[in-house]
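Please read the structure below before turning to the comments.
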Amino acid sequence: MTVDVLLGLQWGDEGKGKIVDYLAPNYDVIARFQGGPNAGHTLYYEGQKLVLHHIPSGILYDNIVNLLGNGMVIDPAGLQAEIEKVAALAIPILERMFIAQKAHLILPTHKILDGAYEAAKGKNKIGSTLRGIGPTYSDKTARNGLRIGDILMDDFQVRYEAAKTKHLRILEQYDYEFDLAPLETAFFEGIECLRKCQIVDGAYFLNERLTKGQKILAEGAQGTLLDINFGTYPYVTSSSTTTSGVCNGLGIAPQRIGEVIGISKAYCTRVGGGPFPTELHDEVGERIRQLGGEFGATTGRPRRCGWIDLPALRYAIMINGVTQLVLTKVDILSSFETIQAGIAYEIDGKASPNMPYDLDRQLPSVLYKEMEGWQSDLSSCRALTDTPQALQNYIEFLERELQVKITLLSIGPNREELIIG
Ligand code: IMP
44 MTVDVLLGLQ WGDEGKGKIV DYLAPNYDVI ARFQGGPNAG HTLYYEGQKL
94 VLHHIPSGIL YDNIVNLLGN GMVIDPAGLQ AEIEKVAALA IPILERMFIA
144 QKAHLILPTH KILDGAYEAA KGKNKIGSTL RGIGPTYSDK TARNGLRIGD
194 ILMDDFQVRY EAAKTKHLRI LEQYDYEFDL APLETAFFEG IECLRKCQIV
244 DGAYFLNERL TKGQKILAEG AQGTLLDINF GTYPYVTSSS TTTSGVCNGL
294 GIAPQRIGEV IGISKAYCTR VGGGPFPTEL HDEVGERIRQ LGGEFGATTG
344 RPRRCGWIDL PALRYAIMIN GVTQLVLTKV DILSSFETIQ AGIAYEIDGK
394 ASPNMPYDLD RQLPSVLYKE MEGWQSDLSS CRALTDTPQA LQNYIEFLER
444 ELQVKITLLS IGPNREELII G
């Protein structure tokens with residue numbers, strides 16, 4: 044049995060939650076392999092909007108188990124709030140959810156450090172979600188982190204105090220005001236809640252299930268262009284958001300990876316700082332933002348909007364080994380007379396199909412192809428052959444340019460609002 048992977052190919056917010064929710068019945072286990080509460084995956088349950096930050100998007104299904112994998116960083120207070128939100132929907136969350144003991148803990152002082160580091164960056168700030176993600180992963184690689192399994196050990200409090208003291212010493216160097224006490228209270232309440240959860244060795248948990256023939260879907264958070272290794276560094280998150288992150292974020296061997304389902308919007312958005320070559324600073328960008336409701340699910344910040352960027356997508360498809368593509372929010376472009384797609388960057392006067400190293404220093408101009416819009420409501424379409432010819436032409440063009448089959452088109456937030464490609 045193999046592990047299928049579903050991940051974002053842009054700068055996050057591609058609409059992964061809905062697609063995981065749709066595909067979930069084909070799987071026994073849904074596992075998050077990286078990131079933490081910086082993610083915001085939006086689902087709809089009996090007409091109610093549900094935004095998940097840590098909990099995998101399979102949680103709404105009876106016979107699926109959900110794992111928060113070892114590559115994740117977990118905020119106990121935030122997870123507790125999420126557990127309570129899901130439990131309020133009469134979902135037996137504690138039965139369906141497992142947490143890898145090797146996932147790292149976001150401490151209250153990690154959140155404060157995130158704020159202090161960002162403030163110190165001034166105009167070069169990353170636009171972090173300020174959830175403590177970067178400082179927690181930094182402590183992990185510096186071998187100073189605390190892990191979920193540690194909360195069950197006798198010396199947890201001692202180790203917590205040692206980490207806190209170290210962080211407070213660092214904070215002395217910053218002119219940054221903070222109030223630790225309420226964060227600590229919420230943290231320790233969250234730790235009590237975590238102690239009631241099913242804490243497991245994530246690698247054995249998954250590999251034993253694979254051996255029994257169970258099917259696993261690895262659910263990505265953020266997007267490929269925010270990957271710590273391959274994204275638009277330093278404007279990235281601190282984890283491996285790509286397919287390789289599945290192996291080290293879950294303890295899955297590379298040959299176990301099966302389908303890699305890449306998700307892209309029909310256009311492109313980015314929240315936070317950093318280069319965005321196809322960004323629109325005009326009324327067209329504003330129109331996409333309003334029609335697409337492009338405001339962050341975690342922070343509420345307006346997202347930057349632009350046309351689809353094919354050099355960036357080709358790069359993401361290459362890095363991840365994408366085997367099928369899902370195009371989301373296609374309906375948002377339905378009223379546009381024409382649609383553009385960035386097909387190459389102009390670097391040193393020449394068209395280049397590749398993403399340059401110094402994208403953050405020198406934003407290249409983009410060469411576009413303009414296409415006719417479909418200008419019709421897609422809500423009754425369920426197969427690509429039902430859709431207007433202009434949309435079919437757009438899809439054929441993308442498939443040709445990207446050399447990957449588009450298997451699904453999302454045309455609305457609800458589960459059934461999908462077109463089979
Ligand atoms: P951090 O992961 O909170 O440190 O944020 C680093 C960068 O990644 C910032 O530009 C954030 O806006 C962005 N980011 C983090 N998580 C998400 C996400 O789930 N969707 C979109 N952008 C994200």
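Numbering (this note's numbering), first residue to last: 44 to 464. We treat Cβ as the ideally placed atom computed from N, Cα and C, and that holds for glycine. These figures come from a predicted structure and were not determined experimentally.
When the beta-carbon positions are compared, G335 and K393 stay at least 7 Å from each other.
Relative to the non-hydrogen atoms of the ligand IMP, the Cβ of V94 never comes closer than 6 Å to any of them. The DSSP-derived three-state label of L195 is helix. For the pair of segments examined, the region 110 to 126 was found to touch the region 67 to 78: the number of CB pairs separated by less than 8 Å reaches three. Around the beta-carbon of P135, fewer than 16 other beta-carbon atoms lie within 10 Å, marking it exposed. Its Cα nearest to that of A426, the residue I454 stands out among D105, I454 and Y276. Measuring C-alpha to C-alpha distances from M140 to each of V129, N109 and P119 identifies N109 as the nearest. When the beta-carbon positions are compared, L148 and L189 come within less than 7 Å of each other. By the neighbour-count definition (other C-beta atoms within 10 Å, threshold 16), A224 is an exposed residue. Of the other Cβ atoms in all chains shown, fewer than 16 fall within 10 Å of the Cβ of A133; this residue is therefore exposed. At least one heavy atom of the ligand IMP falls within 6 Å of the beta-carbon of S171. For the pair L103 and I304, the CB atoms are not nearer than the 7 Å cut-off. Residue state for D71 is assigned as coil, using DSSP reduced to three classes.
The beta carbon of A340 is closer than 6 Å to those of G83, T85 and V94 in its chain, skipping five residues each way along the sequence. Under the 10 Å beta carbon count, D47 is surrounded by 16 or more other beta carbons and is classified as buried. With a minimum length of 3 residues, the unbroken runs of beta strand (DSSP E) contained wholly in the region 350 to 375 fall at 367 to 371.
When DSSP states are grouped into helix, strand and coil, F273 belongs to the coil group. Annotation for R139: the continuous alpha helix (DSSP H) segment containing it runs I136 to R139. Non-local C-beta neighbours of Y180 in its own chain, meaning closer than 7 Å and more than five positions away in sequence, comprise V116, S281 and S282, ordered along the chain.
At a cut-off of 6 Å, the beta-carbon of T275 does not count as near the ligand IMP: no heavy atom of the ligand is closer than that. In the three-state reduction of the DSSP assignment, I107 falls in the coil class.
Here the C-alpha atom of R299 lies approximately 9 Å from the C-alpha atom of L253. For the 7 Å CB-CB criterion, H153 and E125 do not form a contact. Here V365 is buried. Its C-beta has 16 or more other C-beta atoms within 10 Å.
Where E227 is concerned, the enclosing alpha helix (DSSP H) starts and stops at L223 to R238. Within 6 Å of the C-beta of T85 there is not a single heavy atom belonging to the ligand IMP. Non-local C-beta neighbours of T381 in its own chain, meaning closer than 6 Å and more than five positions away in sequence, comprise E413 and G416, ordered along the chain. Under the DSSP definition of a beta bridge, M414 partners with I382. Taken atom to atom, the span from the alpha-carbon of A384 to that of P354 is near 10 Å. Distance from R346 to V314 at the Cβ level is roughly 5 Å; contact confirmed, criterion being Cβ atoms closer than 8 Å. L269 and Y276 have their C-alpha atoms spaced approximately 8 Å apart. Taking 7 Å as the cut-off, the beta carbon of C311 is found no closer than this to the beta carbon of I331.
In the DSSP secondary-structure assignment, L95 is bridged to H84.
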